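Novice: For any residue, its number in our numbering is found by taking its place in the sequence shown, counting from 1, and adding 134.
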Amino acid sequence: MADNSLEHTFNIHVQGDRTFDIWDGQFTVKTMLSHADQMRQDSLRREFLGPNAQFATDRAITQADTFADLAVRITKAPDWWAANRGGLDLKDDNVVTKIHEAALKAEKDKTDELRKKGAAAAEALKAVGT
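1) Have a look at Thr245, Gln172, Lys260, Glu181 and flag the residue whose alpha-carbon is nearest the alpha-carbon of Ile195.
2) Using only CA atoms, which one of Val163, Asp243, Leu183, His169 lies nearest to Ala205?
3) Please name the residue in Glu141, Ala202, Asp158, Val262 whose C-alpha comes closest to that of Pro212.
4) Going by alpha carbons, who is nearest to Ile146 out of Leu140, Gln160, Gln188?
5) Please give the ranges of any beta strand (DSSP E) in the segment 187 to 255, keeping only runs that are unbroken, at least 3 residues long and fully inside the region.
6) Quick one: what does DSSP say Glu171 is sitting in, helix, strand or coil?
7) Quick check on the burial criterion: 16 or more other C-beta atoms within 10 angstroms. Buried or exposed for Ala198?
8) Taking 7 angstroms as the CB-CB limit, is Asp151 close to chain C?
9) DSSP state of Gly159, grouped into three classes?
10) Can you list, in chain order, the residues of its chain whose CB lies under 6 angstroms from that of Met166, leaving out five sequence neighbours each side?
Here you go:
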């Protein structure tokens, strides 16, 4: 069952650092990954790196990590994202970086929110027990 409170929507508006095209749109991302998401993410990362991952450059490893994460995290995206195979066909690094940074920030913000709620609940539980 999908928990929409574990999703976050954000907009991007960025000019490409290589093409100078304007990339604009709204993304919805998961702020928490399930075990299945994490396994799919790892599978995709390994697929991107190919059979000789030990020879991959640092850049290729970073790209594989980023695109695997975005592939499982993004639930809704502008048409241009899908038309560019989930960002893989984009030429601009900064566009992908901006989307990934926003997705990771959404995850951190949700984790912080849940941690605060958990701490408050623990304090309330302590108060009941005394």
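Using N, Cα and C, we set each Cβ at its ideal position, and we do this for glycine too.
This one's a predicted model, so the numbers in the text were calculated from it and none came from an experiment.
Specialist: Walking through what the data contain:
1) Working through the sequence shown from its first residue, we reach residue 195 at position 61. Ranking the options by Cα distance to Ile195, first place goes to Glu181.
2) Residue mapping note: residue 205 aligns to position 71 of the sequence shown, counting from 1. Distances from the CA of Ala205 to each of Val163, Asp243, Leu183, His169 were compared; the closest alpha carbon is that of Val163.
3) Indexing the sequence shown from 1 puts residue 212 at position 78. Answer by Cα proximity: Asp158.
4) Here residue 146 is taken as the residue at index 12 of the sequence shown, counted from 1. Ile146 has its Cα closest to that of Gln160, out of Leu140, Gln160, Gln188.
5) 208 to 210
6) Along the sequence shown, read from residue 1 onward, the residue named residue 171 stands at position 37. Correcting the residue type first, residue 171 is Asp in the shown sequence and not Glu. In the three-state reduction of the DSSP assignment, Asp171 falls in the helix class.
7) Indexing the sequence shown from 1 puts residue 198 at position 64. Classification of Ala198: buried, given that the 10 Å Cβ count is 16 or more.
8) The structure shown has no chain C; it contains just one protein chain.
9) One-based indexing of the sequence shown puts residue 159 at position 25. In this structure, Gly159 counts as strand in the three-state DSSP scheme.
10) By one-based count along the sequence shown, residue 166 stands at place 32. Cβ neighbours of Met166 beyond the five flanking positions: Leu140.
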